[in-house]
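Student:
Structure follows, in structure tokens:
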């Protein structure tokens, strides 16, 4: 049963990294003109 928790933690970390990288690369060009637009879901 421990392997299930390990896989869950791995997938959680993978999705966190994907979300962080996408947010960083997607917000990079839009931060120059619009710095006040910070609406996180």
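Numbering (the numbering used here), first residue to last: 228 to 268.
From the three backbone atoms N, C-alpha and C, an ideal C-beta is built for every residue, glycine too.
#1: Straight-line CA distance for residue 240 to residue 250?
#2: Please return the same chain residues whose Cβ sits closer than 7 Å to the Cβ of residue 235, not counting the five positions on each side in sequence.
#3: Tell me which residues share the same chain as residue 252 and place their Cβ nearer than 8 Å to its Cβ, disregarding the 5 neighbours each side in the sequence.
#4: Going straight from the alpha carbon of residue 242 to that of residue 254, what length do you get?
#5: Measure the alpha-carbon distance for residue 230 versus residue 238 and round it to whole angstroms.
Tutor: Quick answer:
#1: 15 Å
#2: none
#3: none
#4: 18 Å
#5: 12 Å
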